[in-house]
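First up is the structure itself, then whatever we jot down about it.
Residue numbers (this note's numbering), protein chains in the order written: chain A, 1 to 123; chain B, 1001 to 1159.
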């Protein structure tokens, strides 16, 4: 069974880095269905591509990650969202989880941490 | 209002953020060299590409990360990025500023009001003086390249 993954980050290099990690790590059955650089585009893309899993930055233009998580949680209640953010204080993490996130990875992340966190999200 | 300059532990937070970025994103650690106080009161953008955060709300000043194109070229390659463009050099500088912002928020608390991190190519430009205390430069060596972290912050102590 294929797991559909969407990557949301306003950094082009971080989006591509996560996508490459997924390809290089050869995690079975992951299909990247979309890359979005801001929250508004992410909500639109989520409605269209219906991902099962999402990595989500918080600090983004147009619509920030917290608002985006709230919108996507309403749109796709079964989607599991992993926040990937440099905002590493506890209050931020708790707010994101309250909005509907399921996990939190602090930037900068190691390849191993990202892969392990995604595996936990998918388990 | 009264202003207090940063202590070494405050400065170390930013330096560790830079070191962690290199270690985790490139698997190649940066060497942090001895910090020194700058003569000039403004924050100088030293190199080709710069990431900057400006703060207020209980604090005032700016923190910048400044790197030459050669360093960012190798960082992008280490991250597996094949497109070596000015847009991506700025993207990495901005991402480092973003990480500095996150670490600052965690260390100093939510009273720290941080403007959206920005990245720019203005080598030799200065950020208008925002802090009264001294600015510190912390060189970071990564491979043959040298980048600079400049921390110029005051902590405002209200009486």
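All residues carry an ideal CB built from backbone N, CA and C; glycine is no exception.
- Report the partner residues of residue 56 of chain A according to the DSSP bridge assignment. Residue 56 of chain A is bridged to A:8 and A:83.
- Item | Neighbour list for residue 109 of chain A in chain B, Cβ cutoff strictly below 9 Å | What residue 109 of chain A touches in chain B: 1024 and 1025.
- Item | chain B contact residues for residue 123 of chain A, given Cβ-Cβ distances below 7 Å | Under the 7 Å cutoff, chain B gives no residues; its nearest Cβ is about 23 Å from residue 123 of chain A.
- Query: Listing by chain order, which chain A residues have their CB less than 9 Å from the CB of residue 1020 of chain B?
  - Reply: Correct list: 108.
- For residue 86 of chain A, which residues from the same chain have a beta carbon less than 6 Å from its beta carbon, with the 5 sequence-adjacent residues on both sides left out? Result list for residue 86 of chain A: 107, in chain order.
- Consider the Cβ of residue 1092 of chain B: report whether some Cβ of chain A lies at a distance smaller than 8 Å. For residue 1092 of chain B, the answer is yes, since a Cβ of chain A falls inside 8 Å of its Cβ.
- Query: Looking only at its own chain, which residues have a Cβ that is under 8 Å from the Cβ of residue 92 of chain A, when we skip the five neighbours before and after it?
  - Reply: Taken in chain order, the residues that qualify are 58 and 85.
- Task: On a CA-only basis, which of A:116, A:21 and A:15 is nearest residue 34 of chain A? Give me that one, please.
- Result: Residue A:15 is the option with its Cα nearest to residue 34 of chain A.
- Which class does residue 1029 of chain B belong to by DSSP, given the choice of helix, strand or coil? Judged by DSSP in its simplified three-state form, residue 1029 of chain B adopts coil rather than helix or strand.
- Query: Can you find a CB in chain A that lies within less than 8 Å of the CB of residue 1095 of chain B?
  - Reply: Closer than 8 Å to some Cβ of chain A, the Cβ of residue 1095 of chain B qualifies, so yes.
- Could you tell me whether any Cβ in chain B is nearer than 8 Å to the Cβ of residue 25 of chain A? Interface criterion not met: the Cβ of residue 25 of chain A is under 8 Å from no Cβ in chain B.
- Could you list the residues in the segment 43-77 of chain A with a C-beta less than 8 Å from some C-beta on chain B, going in chain order? The segment 43-77 of chain A vs chain B, Cβ under 8 Å: 59.
- C-alpha gap between residue 114 of chain A and residue 80 of chain A, whole angstroms: Straight-line Cα distance between these residues: approximately 15 Å.
- Query: Taking Cβ positions only, does residue 117 of chain A come closer than 8 Å to chain B?
  - Reply: Not one chain B Cβ lies under 8 Å of residue 117 of chain A.
- Is residue 1084 of chain B helix, strand or coil when you go by DSSP? Residue state, collapsed to three classes: coil.
- Below 8 Å on the Cβ atoms is my guess for residue 1024 of chain B versus residue 109 of chain A; work out the distance and round it to an integer in Å. The C-beta distance from residue 1024 of chain B to residue 109 of chain A rounds to 6 Å, short enough to meet the 8 Å contact threshold.
- Would you mind reading off the limits of the beta strand (DSSP E) that contains residue 31 of chain A? Per DSSP, residue 31 of chain A belongs to the beta strand (DSSP E) from 30-36.
- Message: Going by DSSP, what residue range makes up the alpha helix (DSSP H) through residue 39 of chain A?
- Response: It spans 39-49 - the alpha helix (DSSP H) in which residue 39 of chain A sits, taken as one unbroken run.
- Task: Report the residue from B:1130, B:1149, B:1145 and B:1142 whose alpha carbon sits nearest the alpha carbon of residue 1136 of chain B.
- Result: Among B:1130, B:1149, B:1145 and B:1142, the Cα nearest to that of residue 1136 of chain B belongs to B:1149.
- Task: Starting from residue 14 of chain A, find everything on chain B with Cβ-Cβ shorter than 7 Å and list it in chain order.
- Result: Residues of chain B passing the Cβ test: 1095.
- Message: Determine whether the beta carbon atoms of residue 119 of chain A and residue 102 of chain A lie at a separation below 8 Å.
- Response: No, they are not a contact pair.
- Could you tell me the distance, in whole angstroms, from the CA atom of residue 72 of chain A to the CA atom of residue 90 of chain A? When rounded, the separation of the alpha-carbon atoms in residue 72 of chain A and residue 90 of chain A is 22 Å.
- Task: May I ask you to list the residues that DSSP assigns as paired with residue 1012 of chain B?
- Result: According to DSSP, which records beta bridges pairwise, residue 1012 of chain B is partnered with nothing at all.
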